[in-house]
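*Asks:* There's a structure below that I have some questions on.
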Amino acid sequence: KGWCVYFTFALLYVGINDNLYCYYYYNYSWRTHSLTYIYTAFSKPVGLPGIHEFTAMGLLNGRMIDYFDSDNQTKVPKQAWMTERLPADYWEKGTQSRQSKQQWFKVNIDILKTRMRQNDTDLHVLQWRHGCEGEMKDGEMTFLRGIDMYGYDGNDFLSFDDVNGVWVASTDAAVPTKRKWDGVQVLKEYTKGYLENECINWLGKFVSYGQKQLEEAIPTVHLFTRNTEVEENILLTCLATGFLPKDITLHMKMNGSILTEADGVVSSGVRPNGDDTFQRRDSVEILRSNVSTYTCEFIHPASNLHVEEVWGKKLYYFCHLSHFSFCGVYVFIAGSCQ
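For reference, each letter of the sequence shown is one residue, going 1 to 338 in UniProt numbering.
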């Protein structure tokens with residue numbers, strides 16, 4: 001697994017707000033990617049708008065790329081490049097596969113209900129999540145880790161240990177299934193082979209097909225203030241938006257120390273944007289006369305991006321591009337107290 005000197009840089013101009021504009025480099029060559037499929041089946045119709053008895057979806061870096069539900073009975077693309085790059089028989093075979101899985105889930109929910117002595121009155125749900133995570137090296141996708149796990153009624157049930165090639169039961173009720181599946185050598189070999197090879201091959205193709213769209217998902221960080229009901233105070237807010245996937249670290253700091261809920265920090269948590277990217281907003285109310293140094297720190301592991309924005313100060317803005325390099329850009333911020 002040697003490295004070749006291969007760099008792909010994009011120079012981006014990002015308008016953060018009226019007070020901050022910055023240039024920074026972003027490297028897509030080393031970015032990690034994920035392909036995940038999520039299946040959700042209920043034991044009976046839910047009877048709520050938009051909630052189907054069975055749904056299945058594919059996610060590339062957390063963004064939906066295909067979808068199927070029990071009412072429409074057709075696997076459909078959710079991204080334009082999926083429609084453009086994949087032939088009709090891909091969707092036909094995908095529809096047949098999803099329909100077969102729908103029946104598989106129905107049968108296995110009944111098995112679990114009987115095993116756990118559950119009645120037909122209550123609503124039960126069986127979920128399956130499987131996929132892989134890879135890293136693009138020298139133009140090829142390399143395997144990092146695989147995921148194959150089941151959940152029942154919101155709790156972990158059974159998962160596949162890709163390293164040791166065995167199934168792991170999370171509850172006593174899953175032990176019979178673990179024993180049965182561990183006894184089928186071809187199933188273990190297929191599961192391991194799918195995660196490490198077939199899934200990674202599809203991940204590489206999808207990343208290549210949707211590269212332009214993936215490159216457009218560039219996170220930005222905004223640090224701003226607004227008035228509060230108390231005239232002496234202002235609300236300092238850190239907004240990180242446009243990131244994908246959704247795993248991030250966001251800290252508000254005062255003089256280098258991380259502020260918490262005990263200090264009055266209120267967080268929106270990670271929420272979806274309308275374009276399939278995500279955002280998070282953290283705020284803290286402070287005295288208008290406060291002369292402390294406040295910093296917003298944003299870390300996005302998937303893109304190796306690390307931003308520290310200082311309110312009303314001169315800032316050295318930097319982003320890590322890989323395990324071996326980083327870039328730095330001087331940015332000057334004119335803080336506002338409006």
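Just so you know, even glycine gets a beta-carbon here, dropped at the ideal spot from N, CA and C.
Can you give the beta carbon distance from residue 309 to residue 296, rounded, assuming they're within the 8 angstroms contact cut?
*Replies:* Residue mapping note: residue 309 aligns to position 309 of the sequence shown, counting from 1. Residue mapping note: residue 296 aligns to position 296 of the sequence shown, counting from 1. Indeed, because the Cβ distance is near 5 angstroms, the residues count as touching under 8 angstroms.
*Asks:* Quick one: any contact between the region 36-44 and the region 53-62, if contact means 3 or more CB pairs under 8 angstroms?
*Replies:* Yes, since at least three Cβ pairs between the region 36-44 and the region 53-62 fall closer than 8 angstroms, the two stretches touch.
*Asks:* Count the other CB atoms, across all protein chains shown, that sit within 10 Å of the CB of residue 291; report buried if there are 16 or more and exposed otherwise.
*Replies:* Taking the sequence shown and counting its residues from 1, one reaches residue 291 at position 291. Its Cβ having fewer than 16 others within 10 Å, residue 291 is exposed.
*Asks:* Suppose the cutoff is 7 angstroms on Cβ atoms and the five residues either side in sequence are ignored; what does the same chain contact list for residue 258 look like?
*Replies:* Reading the sequence shown from its first residue, position 258 is the one you call residue 258. These residues qualify, in order along the chain: 251.
*Asks:* Compute the beta-carbon to beta-carbon distance between residue 149 and residue 207, rounded to the nearest angstrom, for a pair I have assumed lies under 8 angstroms.
*Replies:* Numbered from 1 along the sequence shown, position 149 holds the residue referred to as residue 149. Numbered from 1 along the sequence shown, position 207 holds the residue referred to as residue 207. Wrong, their Cβ atoms sit about 23 angstroms apart, outside the cutoff.
*Asks:* Could you name each continuous alpha helix (DSSP H) segment of 4 residues or more that falls completely within the region 145-184, going from the start of the chain to the end?
*Replies:* Taking only runs of at least 4 residues, the alpha helix (DSSP H) segments lying wholly in the region 145-184 are 175-182.
*Asks:* Threshold first: 4 residues or longer. Then list the alpha helix (DSSP H) segments lying entirely within the UniProt domain "Ig-like" (219-308), N to C.
*Replies:* Counting only runs of 4 or more, we get nothing.
*Asks:* If residue 196 sits next to residue 143, beta carbons under 8 angstroms apart, how far is it from one beta carbon to the other, in whole angstroms?
*Replies:* For the purposes of this step, residue 196 is taken as the residue at position 196 of the sequence shown. For the purposes of this step, residue 143 is taken as the residue at position 143 of the sequence shown. So it is a contact: roughly 5 angstroms between Cβ atoms.
*Asks:* Please tell me whether residue 64 and residue 275 are closer than 8 angstroms, where the distance is taken between their beta carbons.
*Replies:* For the purposes of this step, residue 64 is identified with residue 64 of the sequence shown, where counting begins at 1. For the purposes of this step, residue 275 is identified with residue 275 of the sequence shown, where counting begins at 1. Against a cut-off of 8 angstroms, the Cβ pair of residue 275 and residue 64 comes out as no contact.
*Asks:* Excluding the 5 residues flanking residue 40 on each side, which residues of the same chain have their C-beta closer than 6 angstroms to its C-beta?
*Replies:* Here residue 40 refers to the residue found at position 40 of the sequence shown. Excluding sequence neighbours, residue 40 sits near 55, 127.
*Asks:* Relative to the alpha-carbon of residue 171, which residue among 236, 165, 179 has its alpha-carbon at the smallest distance?
*Replies:* Against the sequence shown, residue 171 aligns to sequence position 171. The residue with the shortest Cα to Cα distance from residue 171 is 179.
*Asks:* Leaving out the 5 sequence neighbours to the left and right, which residues in its chain are closer than 6 angstroms to residue 249 when beta-carbon positions are compared?
*Replies:* Residue mapping note: residue 249 aligns to position 249 of the sequence shown, counting from 1. Cβ neighbours of residue 249 beyond the five flanking positions: 299.
*Asks:* Output yes or no for whether 8 angstroms exceeds the beta carbon distance between residue 266 and residue 283.
*Replies:* Position 266 of the sequence shown holds residue 266. Position 283 of the sequence shown holds residue 283. A contact, by the Cβ cut-off of 8 angstroms.
*Asks:* In angstroms, rounded to a whole number, what distance separates the CA positions of residue 268 and residue 176?
*Replies:* Working through the sequence shown from its first residue, we reach residue 268 at position 268. Working through the sequence shown from its first residue, we reach residue 176 at position 176. Those two C-alpha atoms are separated by around 42 angstroms.
*Asks:* Name the residue from 281, 98, 302 whose alpha carbon lies nearest to the alpha carbon of residue 244.
*Replies:* Numbered from 1 along the sequence shown, position 244 holds the residue referred to as residue 244. If we check each option's Cα against that of residue 244, 302 comes out closest.
*Asks:* Considering only heavy atoms of the ligand NAP, does any lie closer than 7 angstroms to the CB of residue 115?
*Replies:* Absent from the structure shown: the ligand NAP. Ligands present: none.
*Asks:* What is the rounded straight-line gap between the Cα of residue 239 and the Cα of residue 278?
*Replies:* Position 239 of the sequence shown, counted from the start, is the residue given in the question as residue 239. Position 278 of the sequence shown, counted from the start, is the residue given in the question as residue 278. Those two C-alpha atoms are separated by around 11 angstroms.
*Asks:* Of the choices 169, 67, 110, whose alpha-carbon is the least far from that of residue 37?
*Replies:* Counting from 1 along the sequence shown, the entry for residue 37 is found at position 37. Closest option to residue 37, Cα to Cα, is 67.
*Asks:* In three-state terms, what does DSSP make of residue 50?
*Replies:* In the sequence shown, counting from the first residue as 1, residue 50 sits at position 50. Coil.
*Asks:* Going by CA-CA distance only, name the one from 138, 264, 246, 256 that's closest to residue 287.
*Replies:* As a first step, residue 287 is located in the sequence shown; it is residue number 287 there, counting from the start. Among 138, 264, 246, 256, the Cα nearest to that of residue 287 is on 264.
*Asks:* One question on the structure: do residue 109 and residue 124 come within less than 8 angstroms of each other, judged by their Cβ atoms?
*Replies:* Locating residue 109 in the sequence shown gives position 109, counting from the first residue. Locating residue 124 in the sequence shown gives position 124, counting from the first residue. Contact flag set, yes.
*Asks:* Classify residue 43 as helix, strand or coil using the three-state DSSP reduction.
*Replies:* Indexing the sequence shown from 1 puts residue 43 at position 43. In the structure shown, residue 43 sits in coil (DSSP, three-state: anything other than H, G, I, E or B).
*Asks:* Terminal residues of the continuous alpha helix (DSSP H) containing residue 89?
*Replies:* For the purposes of this step, residue 89 is identified with residue 89 of the sequence shown, where counting begins at 1. From DSSP, the alpha helix (DSSP H) with residue 89 extends over 88-115.
*Asks:* Which residues in the same chain as residue 145 place their Cβ atom closer than 6 angstroms to its Cβ, once the five residues preceding and following it in sequence are excluded?
*Replies:* Numbered from its first residue, the sequence shown carries residue 145 at position 145. Result list for residue 145: 133, in chain order.
*Asks:* May I ask you to report which of helix, strand or coil DSSP gives residue 129?
*Replies:* Numbered from 1 along the sequence shown, position 129 holds the residue referred to as residue 129. Reduced to three states, the DSSP call for residue 129 is strand.
*Asks:* Name the residue from 173, 188, 226, 114 whose alpha carbon lies nearest to the alpha carbon of residue 160.
*Replies:* Here residue 160 corresponds to residue number 160 of the sequence shown, with the count starting at 1. Nearest of 173, 188, 226, 114 to residue 160, Cα basis: 188.
*Asks:* When you compare the CB positions of residue 33 and residue 203, do they come within less than 8 angstroms of one another, or not?
*Replies:* Position 33 of the sequence shown, counted from the first residue, corresponds to residue 33. Position 203 of the sequence shown, counted from the first residue, corresponds to residue 203. Yes, they are a contact pair.
*Asks:* Relative to the alpha-carbon of residue 147, which residue among 311, 121, 200, 98 has its alpha-carbon at the smallest distance?
*Replies:* Within the sequence shown, numbered from 1, the residue matching residue 147 stands at position 147. When each option's Cα is compared against that of residue 147, the closest is 200.
*Asks:* If you run the structure through DSSP and keep just helix, strand and coil, what is residue 139?
*Replies:* As a first step, residue 139 is located in the sequence shown; it is residue number 139 there, counting from the start. Three-state result, residue 139: coil.
*Asks:* Just list the residues that DSSP pairs residue 63 with in beta bridges.
*Replies:* Position 63 of the sequence shown holds residue 63. Answer by DSSP bridge pairing, in chain order: 60.
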